[in-house]
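Below is one structure, written out as structure tokens, with a few remarks after it.
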Ligand code: FES
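Numbering (full-length UniProt numbering), first residue to last: 2 to 643.
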């Protein structure tokens with residue numbers, strides 16, 4: 002009989018096949034990407050196709066849905082159990098009867114893309130290192146003696162083409178009861194087509210992983226479906242190490258003063274991580290044993306403390322890390338209770354205080370793919386700065402101190418209900434109006450008092466202080482040198498003498514909220530440190546301007562970029578090209594969880610990042626002094642004009 006002509010979309014691959022060929026076999030022989038966990042047994046439903054949709058003319062094919070065998074009993078059973086959309090078929094069951102145009106929907110592809118909310122960044126291609134395979138194993142036979150593992154391996158080779166698989170010990174310990182419980186039908190998780198890392202009786206549909214951003218203030222975890230890439234649960238908790246010190250350096254000094262203190266900090270962070278795993282597992286309605294892998298990003302001090310490595314070398318020059326490379330571990334080595342042989346991957350660190358969190362940011366933002374010069378700043382108590390493009394990438398860290406987090410600011414506080422986060426100052430009357438976290442009204446709007454009565458107006462958060470100082474500068478209250486202009490005290494009661502200097506009063510009621518001269522100084526020092534680091538990298542790279550700026554981290558996602566430029570926290574740039582990258586480090590951890598190639602990619606990129614040590618650069622001090630002015634003593638900010 003005549004062969005049938007088959008076209009697959011979206012790949013456009015085509016070929017001729019004898020009538021009676023299963024669609025999945027035809028797809029496989031053409032190299033069309035169709036997923037399967039059950040190996041063509043009509044159980045998993047991953048191999049679904051849509052028949053007869055698409056551009057018939059373009060593909061020169063006349064087709065109808067009838068050119069395939071009718072629903073088989075296996076498909077009937079699957080559809081009645083799990084449900085199937087109109088026009089869908091299981092490609093492992095449907096047989097070709099004539100010419101066909103077949104669409105492979107995104108969810109049936111192995112290498113599917115997860116679209117991210119922002120248009121300016123790469124999509125995440127789902128290609129996880131761990132995959133599930135359902136396999137039927139031969140039963141033991143006294144006449145052909147062989148081990149259970151050997152028969153499992155033989156099944157995986159025959160049914161999946163997976164050769165020479167190893168099996169992890171803790172999984173091996175459970176193999177015999179599981180094979181018998183599953184009546185010789187099991188699902189195995191295989192890592193990198195090399196190692197069996199988990200086995201379940203019968204058919205197992207889903208496997209999960211967790212991406213963790215281990216911050217010094219908060220720890221955030223995202224539970225992801227390893228097959229779809231979907232984030233099924235997210236949660237965060239405070240880093241319990243805070244009780245040993247607010248910021249990184251005070252935690253390092255805790256260890257210096259209390260030998261063995263690193264062990265306490267390692268223990269508490271691991272405990273919290275384990276709690277967090279429990280929280281996301283519950284939220285995602287899964288078992289801990291369904292979680293096969295975790296990825297981590299974090300700054301070098303967090304990185305060392307997670308691993309149980311004493312961080313004291315990071316407390317002083319030359320800031321040597323124990324290791325820069327990425328790390329593969331068993332979760333059990335970090336006391337993390339997930340699947341018995343669950344895996345951990347920790348992204349590489351760059352050098353000094355530029356850690357795996359910055360590697361995560363690079364992976365997420367992808368400056369190494371671009372022609373244009375990207376500047377990425379992740380601002381916290383330390384600023385991590387990355388500058389460059391696909392030809393060259395430079396990185397440094399700069400000691401900005403805790404001012405941007407609202408610490409060391411007289412009315413500063415953490416971002417919490419009652420904290421001022423937005424502020425506007427009338428340039429004529431010098432009267433302020435503001436908004437606080439927890440209320441969406443401005444202070445001069447009706448209902449503000451009512452809506453804030455439960456928490457009041459308590460202080461200014463990090464993004465609020467940037468705006469307050471930016472607005473004070475725009476209203477002429479602060480001069481270019483950062484001095485609060487005392488002559489305005491005659492004009493407005495908001496400018497008030499405080500001994501030798503002046504304060505600006507934002508709120509009169511208790512607690513009185515002011516911006517003091519010392520506050521302005523603290524912000525000037527912090528922003529000058531950041532700017533000087535940026536300037537140093539621009540000089541090393543030989544560029545006068547940057548094409549785009551990405552502000553990463555919690556601080557970066559809350560500040561209004563306009564004010565960041567008004568006070569000269571970042572260099573001059575088209576404001577439309579300055580963006581918040583959100584939690585880019587966490588996204589980097591997610592990419593490393595879901596795409597195996599990205600691990601090699603970030604390892605290679607990190608390897609060629611040129612690390613600049615600001616502490617030994619003679620020009621740093623000069624850049625720092627010049628950056629104290631608002632927005633800058635010498636550099637021009639053409640994009641701020643008008
Ligand atoms: Fe599993 Fe078709 S491959 S249902």
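Ideal Cβ positions, reconstructed from N, Cα and C, are used throughout, including at glycine.
All figures in this text were calculated on a predicted structure; none of them were measured in a lab.
{"query": "Is residue 82 helix, strand or coil by DSSP?", "result": "helix"}
{"query": "Return the CA-CA distance between residue 24 and residue 93, expressed in angstroms with no decimal places.", "result": "6 Å"}
{"query": "Compare the Cα-Cα distances from residue 489 to each of 482, 481, 498, 483 and report the closest residue.", "result": "498"}
{"query": "I want to check one thing, is the minimum distance from the CB of residue 438 to the heavy atoms of the ligand FES below 7 Å?", "result": "no"}
{"query": "Go through the residues and name those whose CB comes closer than 7 Å to any heavy atom of the ligand FES, in chain order.", "result": "25, 37, 38, 39, 40, 41, 42, 43, 44, 45, 46, 47, 48, 79, 91, 92, 93, 94"}
{"query": "Kindly indicate which three-state DSSP category residue 519 falls into: helix, strand or coil?", "result": "helix"}
{"query": "Using a 10 Å radius around the Cβ and a threshold of 16 neighbouring Cβ atoms, would you call residue 503 buried or exposed?", "result": "buried"}
{"query": "Could you pull out every unbroken beta strand (DSSP E) segment of at least 3 residues lying fully inside the stretch 352-400, listed in chain order?", "result": "375-380, 384-389, 394-399"}
{"query": "So, for residue 365: in the same chain, excluding its five sequence neighbours on each side, which residues have a beta-carbon less than 6 Å away from its beta-carbon?", "result": "585, 588, 589"}
{"query": "Quick one, are the C-beta atoms of residue 45 and residue 52 less than 8 Å apart?", "result": "no"}
{"query": "For the stretch 369-380 and the stretch 551-559, state whether three or more C-beta atom pairs, one from each stretch, are separated by less than 8 Å.", "result": "yes"}
{"query": "Could you spell out where the alpha helix (DSSP H) holding residue 98 opens and where it closes?", "result": "From DSSP, residue 98 is part of no alpha helix (DSSP H); its letter is neither H nor E."}
{"query": "To the nearest angstrom, how far is it from the Cα of residue 293 to the Cα of residue 411?", "result": "47 Å"}
{"query": "Can you tell me whether residue 636 sits near the ligand SAM, meaning its C-beta is under 7 Å from at least one heavy atom of the ligand?", "result": "Annotation note on the ligand SAM: not contained in the displayed structure, which lists the ligand FES as its ligands."}
{"query": "Judging by CA-CA distance, which residue of 452, 407, 416 is the nearest neighbour of residue 519?", "result": "407"}
{"query": "From this set, 562, 369, 81, 209, which residue's C-alpha is nearest residue 610's C-alpha?", "result": "369"}
{"query": "Measuring CB atoms only, is the stretch 440-459 touching the stretch 479-488, in the sense that at least three cross pairs come out at less than 8 Å?", "result": "no"}
{"query": "Are there three or more Cβ pairs, one per stretch, closer than 8 Å when the stretch 219-229 is compared with the stretch 279-299?", "result": "yes"}
{"query": "Compare the Cα-Cα distances from residue 320 to each of 640, 623, 612 and report the closest residue.", "result": "612"}
{"query": "Which whole-angstrom value is the C-beta distance of residue 28 and residue 35, which I expect to be below 8 Å?", "result": "5 Å"}
{"query": "So, helix, strand or coil for residue 559, using DSSP?", "result": "helix"}
{"query": "Measure the CB-CB distance between residue 426 and residue 473 and report whether it falls below 8 Å.", "result": "yes"}
{"query": "Along the chain, where does the beta strand (DSSP E) that runs through residue 134 open and close?", "result": "131-137"}
{"query": "Do you know offhand how far residue 601's Cα is from residue 182's?", "result": "38 Å"}
{"query": "I'd like to confirm the pairing. Which residues does DSSP put opposite residue 596 in its beta bridges?", "result": "128"}
{"query": "Should residue 461 be labelled buried (16 or more other beta-carbon atoms within 10 Å of its own) or exposed?", "result": "buried"}
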